[in-house]
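Here is the structure we will look at, set down as structure tokens.
Given below as structure tokens:
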């Protein structure tokens, strides 16, 4: 070269090196083992030549003694400096690795190879020497494997510095060497090397940063668990690199980010991984979206430091945003997230920058930002406690020292060389900080296995050492923080300590344990909104860290939805385990009582009781270890509840059952244990519900019931009234300066506003007044009549036969009857969602009705990412209800649309008149664009079916105009005022629906249904889809409502609170069993027979000859 000054001539090279120098070719088929099949990126010719040289040198060195091997290694090292091309230098360097592979690490030490490599790395003026050093490093990694790890870690800082070498070939060789090291080394060795790599990421040279970022990606692939533990230290350097002004550094950081972030194992963090990567690599564009999702996610696993390493940069950037809404969300997110961190040491590294930004938010000019910031600071302070970042680091170092000291004593008996013994001890120390659910003993045993094998140490001794090291690690971590710990004498099916639960920005459970014994039946009780149903769904999903992989769960929801025409047998075929035979499927249905005819009937015709039996039959086929039931008695009559009780008691030996129900008698009959959710904890009671009640009367007295909720609603209304009075009285007072106590109280109230906005409440509900109906002077006049109404899902099986009823605006009516009697069908017929087979249903043409069905919540599913204000505005845009327009009784089918376009057919309704007692509609016809036609409603009933739909659509338009919808401004202020009447205040009105609790969503459904100012309200099983607080508020609103009310319910307390008359639907008839004028129940049971009674509020007369088919 003319560039290298040599002090002495190199010794004669060994055969392999000579072959390379003289240009002798080696066939790649001569390669030994799999070494030739593995290499870093590079040209095929270069790769094959280097690996062949390694194999050839290894074969030649087998015949050498120790002294000769040491001489050969020294000669080969020197030979790497005397070749010309990078390809030849790499092959010569790999020869060193081949000789070391056969001769062993002792020969390498005898040759002084590490010192020579250190000198070669340090040759500032000789790029070839630096390249040769890196290539030799790679060759030795390939040749010696684990035996080179001690020396490799000693040389690794030099390899990191070489990533920024000014010479391109030297950089390339250093990068290849680093990649090879991380692909070959043990996981703890990778962790030991990582701090050195982190130094390079902070280097001033951009090339060093770029090379280290590429290696970070490799270490994340090679040792993901160790990289995960290091993320709190990694992410600041990664974020600095993303923001680096040099394009190549930025590009390398962006390229590495998905792999680095992907090492996080937290289940919830993984679901947001794409958003995290976007927010971290494109913070200016993606941060807001990531923050939004963080507010919406359901957490069932505690937040660890690796997850915080991804979340905190998002929060910090949002806290620095100029928009008050983003800052408020960031503070709320910080509050929620840090409430879910179990270990204060996980918070410590992130506390200083977060505290700094939150402190700035405490001085913001917006009170809502200040309130959220104060909550966030309080949570951060409490979560951190007395823990400091330097104290955490000191404790970690002390734990490492204790592990290494204990390991050194044990390993001393293995007879290892001092350097290798010290290295083995360091490998043990690298397991400090391993997460509780991650293995220590087995992983450490695998890492030490080759070292122990080389010294002839038995695997049992290695396992003993590994277990001792694990104990030191776990003792340093301490026990999981939880209010209850497992009893070692009990047989647990599920044993999860220190779990958490958070949903839509609210912490529900914190640092508690889920302990379920095999074969026991658990009833979960607690206040509304504490997380009972959310806990069930997350257990059913089995996504809690540590959940037993072999435990089969089956979740029975309280609703079964299916296609309208789907039969029972077809529904079952699509929902059973793969490979289930037809015979087994039919047998399971038979076991729960389905006859041959019922199996072929439609699911839509099944009552609530039969739907529950269908769900139970399906669960039997899955053979669950854990059966989960959410409000299973909803929609069930007394007979069906008795069947379900017996089934759970007798038919499921050995199966663990987890059930949520507000029917406490059912819980006492079924459950062997009670789990009480309170104060963000689970507490366990080894008794049934009655015994739990006897031992804890004050707790049970506060549990959700309609009666208790009614008291809360009345108290809330009284409190609201008092507040209004106080507010009106403040005007006359002078504005004296507040005392210190008053100032503190005001500050505390401001802090709590954000929290209170998201909590279920007993706020009152106020229904709008529907106003008068044209032509009706009093509210006691009928507004709806059904005469001779007959209906069945098939003509042969009549559900209702020759029923005649009347309704007025003073009605407070309950429809009762056994499951399948036809209550919901009757309501749908009266309110126009279905047409009778025979008979007529008349309604006042301007009557506005609101029908809240059992499944009304589904209206919100497509609008979860909008606010209630936007939802109302979009749903009622242009005056008419978009959801009503979708219903079958208004929407024209494709065939009807085709009929409508035919010549001379009616294509539109443009007007309506009342002539005497008859109603006429103004029509347009195809081909007659110059005139309109008037026809009476009676004659239109005999025309094509679409004509009546056109009339109904026109009626809806006129109703909208009558209610003021067509002229009522759907402005933000107007909608906000309406929502406030339903307990949805300003903060909630601007929040995403996704973050609403079940009770808040119920209020929104009611608010939307009442936007039309109806004269008549129908509620189908409101006690099933409303929480008790909302139900109590609804009860009071219904009492005060100046219109008619029709409800279906099995809840006697609700019926007694709202209704003054009851219609019983049974055997195809409708019978009134309560006198509305007296408001008292007749002496006979409401489940018995009674004569009809005529009243001003409503009148019922019915005759029937058909019996009710059990399928319905």
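Numbering (my numbering), first residue to last: 4 to 1115. All C-beta atoms in this analysis are idealised placements derived from N, C-alpha and C, irrespective of residue type, glycine included. Every value quoted in this text rests on a predicted model; they were computed, and no experiment measured them.
- For the set 176, 102, 673 and 122, the Cα lying nearest the Cα of residue 138 is the one of 176.
- Taking the C-beta atoms as reference points, residue 856 is found no nearer than 7 Å to residue 1068.
- DSSP, read as helix, strand or coil, puts residue 627 in coil.
- Among the bridge pairs identified by DSSP, residue 679 is matched with 528 and 686.
- Note on the region 100-149: whole alpha helix (DSSP H) runs with a minimum of 4 residues are 108-113, 116-124 and 130-147, in chain order.
- Where residue 251 is concerned, the enclosing alpha helix (DSSP H) starts and stops at 250-264.
- Exclusion of the five residues before and after residue 776 leaves 786, 847, 849, 850 and 1018 as the residues of its chain whose Cβ lies within less than 7 Å of its Cβ.
- Look at residue 221 here: in three-state DSSP terms it is helix.
- Cβ atoms of residue 793 and residue 801 come within 8 Å of each other, at about 6 Å.
- Pairing residue 193 with residue 185 gives a Cβ-Cβ distance under 7 Å.
- For residue 575, the uninterrupted alpha helix (DSSP H) run begins and ends at 571-576, by DSSP.
- Each of 197, 545 and 169 was checked against the Cα of residue 628, and the nearest Cα belongs to 545.
- For residue 293, the three-state secondary structure derived from DSSP is helix.
- In chain order, 448, 451, 452 and 455 place their CB closer than 7 Å to the CB of residue 465, counting only its own chain and leaving out the 5 sequence neighbours on each side.
- Between residue 215 and residue 234, the CB-CB gap reaches or exceeds 7 Å.
- A contact is defined here as three or more CB-CB pairs under 8 Å, and the region 408-418 fails this definition with respect to the region 362-369.
- Residues 559 and 662 of the same chain have their beta carbon placed closer than 6 Å to that of residue 632, with the five preceding and five following residues left out of the count.
- The three-state reading of DSSP puts residue 633 in strand, counting E and B together.
- The beta carbons of residue 905 and residue 1051 sit no closer together than 7 Å.
- It is roughly 45 Å from the alpha-carbon of residue 642 to the alpha-carbon of residue 957.
- Secondary structure at residue 654: coil, using DSSP grouped into helix, strand and coil.
- Contiguous alpha helix (DSSP H) elements confined to the region 891-941 occur at 897-903, taking only those with 4 or more residues.
- The straight-line gap separating the alpha-carbon atoms of residue 834 and residue 1034 is approximately 22 Å.
- As the crow flies, the alpha-carbon of residue 480 is around 8 Å from that of residue 439.
- Residue 68 is classed as exposed because its beta carbon has fewer than 16 other beta carbons within 10 Å across all chains shown.
- Under the 8 Å Cβ criterion, the region 491-504 does not count as touching the region 281-291, having fewer than three qualifying pairs.
- A distance below 6 Å between beta-carbons, with the five flanking residues on each side excluded, links residue 1020 to the following residues of its chain, in chain order: 853 and 1048.
- The way I'd put it, the region 68-88 does touch the region 115-123; three or more beta-carbon pairs between them come closer than 8 Å.
- When only Cα atoms are considered, residue 1006 and residue 393 end up about 50 Å apart.
- Taking a 10 Å sphere around the C-beta of residue 53, we find 16 or more other C-beta atoms and assign the residue as buried.
- Ranked by Cα distance from residue 236, the options 107, 351, 578 and 961 are led by 351.
- Listed in chain order, the beta strand (DSSP E) runs fully inside the region 292-359 amount to none, counting runs of at least 3 residues.
- In this structure the region 333-341 does not touch the region 215-229; the number of beta carbon pairs closer than 8 Å is below three.
- Straight across, the Cα-Cα distance linking residue 591 with residue 432 is about 56 Å.
- Beta-carbon to beta-carbon, residue 526 and residue 664 are separated by about 7 Å, close enough to satisfy the 8 Å threshold.
- Assigned with DSSP and collapsed to three states, residue 1032 falls in helix.
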